[in-house]
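Enquirer: Structure provided below as structure tokens; questions to follow.
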Amino acid sequence: MNDIIYEEEINYIKNMNMLYTLYKNNDDLTQGNISYEVFCKQIKEKYNAVLIKCFNDGNYGFCEALKNFNDYYKQNKSNIMKDYAGKEYPTLPEFNLFLGLHNQPLQVAKLGSELIGGSYIPSYDEKYVVNRGKYSDLKELIFLQYNLRMEENDNAKYSVMINILHQFIQYCNENKNELKLSSFMKEFIESYYNEKKNEYEKIFNECSSTTETNTNTYCGLYNKCKREFENELKLIKEDAQEYIKRQDDYIQELPSYKLFILQAKALFQDFDAMSKYLPTIMSTMVASILCVFLLYKVLKNYIEECIHTKKLLFKCF
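When we follow my numbering, the leftmost residue of the sequence shown carries the number 3, and every step to the right adds one.
Structure (structure tokens):
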């Protein structure tokens, strides 16, 4: 018990120190203690470190403190950058804890987490190493509950956004027989895409322009996505709800025997996920049964004692 309390105290101190360094970085720039270049580098590194730890720990209070910093940073940017006229102000991404269908903090990407999983692996030095495998940008978005990391500029940010959309379409195409896919698609569209729709439309318009040659990295990624998934991309741009509906229709039109196989597979997958918690569930059930049994024995002895006392009283009178 003491070890657990000690670890919690240490973690609390670490969290407070990480938040402190975020605010201090702003003050250092305002007071001229660090250069603009150092400020930009540090704000990105420190903000993303807190963002990742927020969702890895699942500590709502810590995440809320990060949101407060996010709001503070945006409200005070003119003061922070007053001596750096003409410099591009590093922009923090929107940060949300309650977005989406589930209306629960830190649990916005429930279906995404269930189907695809997260992307960060804790390392020995208590930092986090991103797993750059398949769907890496999509997995990172899901791990961060549909929040984006801070990027150094719009070119980098829009590149990540196009990669996310590309990987989302790719995942949906490769997993059309997943019964929960349309629910995940709805979660993604409502919790993420609709929130970023204006930015996506800006990217689409800019990269689709035939009047000028665009050399931005994200336009190259957009054109690649368009070449591979032109119909899907067009459908999402024009009517994302229809994109989801077509997946629902695909499942409903499957032959009954194939649908039965998919339902059985989903049942086994759910059972496999539940089995991870089975030892805890079983031990809790056993403890409850033992508790009820002991209460029964105590109550039984109490009743027998009362009956015995009554008999003695009757004999006396």
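Cβ atoms here follow ideal geometry from the backbone N, Cα and C, with glycine treated the same way.
Keep in mind it's a predicted model, so treat the numbers as computed, not measured.
How is the alpha helix (DSSP H) around Ile144 delimited, first residue to last?
Expert: The sequence position of residue 144 within the sequence shown is 142, counting from 1. Residues 138-145.
Enquirer: Would the beta-carbon of Tyr194 fall within 7 Å of that of Tyr224?
Expert: By one-based count along the sequence shown, residue 194 stands at place 192. By one-based count along the sequence shown, residue 224 stands at place 222. No; because the gap between Cβ atoms is not below 7 Å, this pair is not in contact.
Enquirer: Does any residue of chain B have a CB that is nearer than 7 Å to the CB of Ser115?
Expert: Given the protein chain composition of this structure (a single chain), no chain B is represented.
Enquirer: I need the DSSP call for Gly34, collapsed to helix, strand or coil.
Expert: Mapped onto the sequence shown, residue 34 falls at position 32. If DSSP states are grouped into helix, strand and coil, Gly34 belongs with coil.
Enquirer: Beta-carbon within less than 7 Å of Glu244's beta-carbon, same chain only, minus the 5 sequence neighbours each way: which residues are those?
Expert: Counting from one through the sequence shown, the residue named residue 244 turns up at place 242. Taken in chain order, the residues that qualify are Leu237.
Enquirer: Less than 8 Å between C-beta atoms, sequence neighbours within five positions excluded: which residues of the same chain meet that for Leu113?
Expert: In the sequence shown, the residue the question calls residue 113 occupies position 111. Answer for Leu113: Lys182, Ser185, Phe186, Glu189, listed in chain order.
Enquirer: DSSP state of Leu68, grouped into three classes?
Expert: For this step, residue 68 is matched to residue 66 along the sequence shown. Note: Leu68 maps to helix in three-state DSSP.
Enquirer: Alpha carbons only, please: which of Val110, Ser80, Phe97, Ser161 is nearest the one belonging to Ala67?
Expert: Mapped onto the sequence shown, residue 67 falls at position 65. Out of Val110, Ser80, Phe97, Ser161, Phe97 has the C-alpha closest to the C-alpha of Ala67.
Enquirer: Round the Cβ separation of Gln169 and Tyr137 to the nearest angstrom and send it over; I've been treating them as touching at under 8 Å.
Expert: Locating residue 169 in the sequence shown gives position 167, counting from the first residue. Locating residue 137 in the sequence shown gives position 135, counting from the first residue. The pair is a contact, with the Cβ atoms about 5 Å apart (cut-off 8 Å).
Enquirer: Tell me the rounded alpha-carbon separation between Ala111 and Glu176.
Expert: By one-based count along the sequence shown, residue 111 stands at place 109. By one-based count along the sequence shown, residue 176 stands at place 174. Rounded to the nearest angstrom, the two C-alpha atoms are 20 Å apart.
Enquirer: Going by the beta-carbon positions, is the gap between Ile166 and Ile144 smaller than 7 Å?
Expert: As a working mapping, residue 166 is identified with position 164 in the sequence shown. As a working mapping, residue 144 is identified with position 142 in the sequence shown. In this structure, Ile144 does not lie closer than 7 Å to Ile166 by Cβ.
Enquirer: Are the CB atoms of Met20 and Val52 nearer to each other than 7 Å?
Expert: To locate residue 20, count along the sequence shown from 1; it is residue 18. To locate residue 52, count along the sequence shown from 1; it is residue 50. Contact flag set, yes.
Enquirer: Using DSSP with H/G/I as helix, E/B as strand and the rest coil, what is Cys293?
Expert: As a first step, residue 293 is located in the sequence shown; it is residue number 291 there, counting from the start. In this prediction, Cys293 has a pLDDT of 48, which is less than 50 and means its spatial position is unreliable; nothing more can be read from the coordinates.
Enquirer: Within 10 Å of its beta-carbon, does Ser161 have 16 or more other beta-carbons around it, so buried, or fewer, so exposed?
Expert: The residue labelled residue 161 in the question sits at position 159 within the sequence shown. Answer is buried; the Cβ neighbour count reaches 16.
Enquirer: Between the beta-carbon of Lys46 and the beta-carbon of Met152, is there less than 7 Å?
Expert: Start at 1 with the first residue of the sequence shown, and residue 46 comes out as number 44. Start at 1 with the first residue of the sequence shown, and residue 152 comes out as number 150. In contact: Lys46 and Met152 (Cβ atoms closer than 7 Å).
Enquirer: Measuring CA to CA, which of Ile263, Gln172, Asn72, Asp59 is closest to Glu10?
Expert: Locating residue 10 in the sequence shown gives position 8, counting from the first residue. That would be Asp59, whose Cα lies nearest to the Cα of Glu10.
Enquirer: How close, in whole Å, do the beta carbons of Cys42 and Pro92 come, if the pair is a contact with beta carbons under 8 Å?
Expert: Counting from 1 along the sequence shown, the entry for residue 42 is found at position 40. Counting from 1 along the sequence shown, the entry for residue 92 is found at position 90. With 8 Å as the limit, Cys42 and Pro92 qualify as a contact, their Cβ atoms being about 5 Å apart.
Enquirer: Is DSSP giving Asn78 helix, strand or coil here?
Expert: Position 76 of the sequence shown, counted from the first residue, corresponds to residue 78. Asn78 falls in the coil class under three-state DSSP.
Enquirer: Measuring only the C-alpha atoms, how far is Phe206 from Tyr49?
Expert: In the sequence shown, the residue the question calls residue 206 occupies position 204. In the sequence shown, the residue the question calls residue 49 occupies position 47. Answer to the nearest angstrom: the Cα atoms are 28 Å apart.
Enquirer: Out of Cys174, Leu146, Tyr75, Lys69, point me to the one whose CA is closest to Glu234's CA.
Expert: Looking up residue 234 in the sequence shown gives position 232. Considering only alpha carbons, the answer is Cys174.
Enquirer: Should Lys252 be labelled buried (16 or more other beta-carbon atoms within 10 Å of its own) or exposed?
Expert: Stepping through the sequence shown from its first residue, residue 252 is reached at position 250. Here the sequence assigns Tyr to residue 252, which means Lys is not the residue at that position. Classification for Tyr252: exposed.
Enquirer: By Cβ distance, which residues of its chain are closer than 7 Å to Asn216, with the 5 residues on each side in sequence left out?
Expert: On the sequence shown, residue 216 is found 214 positions in, with the first residue counted as 1. Counting only Cβ-Cβ distances below 7 Å, and skipping sequence neighbours, we find Glu208, Cys209.
Enquirer: Just curious, the alpha helix (DSSP H) that Gln254 is in, first and last residue?
Expert: Residue numbering aside, residue 254 sits at position 252 when the sequence shown is read from its first letter. First-last of the alpha helix (DSSP H) with Gln254: 242-254.
Enquirer: Mind reading off the beta-carbon distance from Gln44 to Asn28? Whole number of angstroms is fine, and I expect it under 8 Å.
Expert: Looking up residue 44 in the sequence shown gives position 42. Looking up residue 28 in the sequence shown gives position 26. At roughly 10 Å, the Cβ-Cβ gap does not stay under 8 Å, so Gln44 and Asn28 are not in contact.
Enquirer: Return the CA-CA distance between Tyr259 and Ile191, expressed in angstroms with no decimal places.
Expert: As a working note, residue 259 is residue 257 in the sequence shown. As a working note, residue 191 is residue 189 in the sequence shown. Cα to Cα, the separation comes out at about 31 Å.
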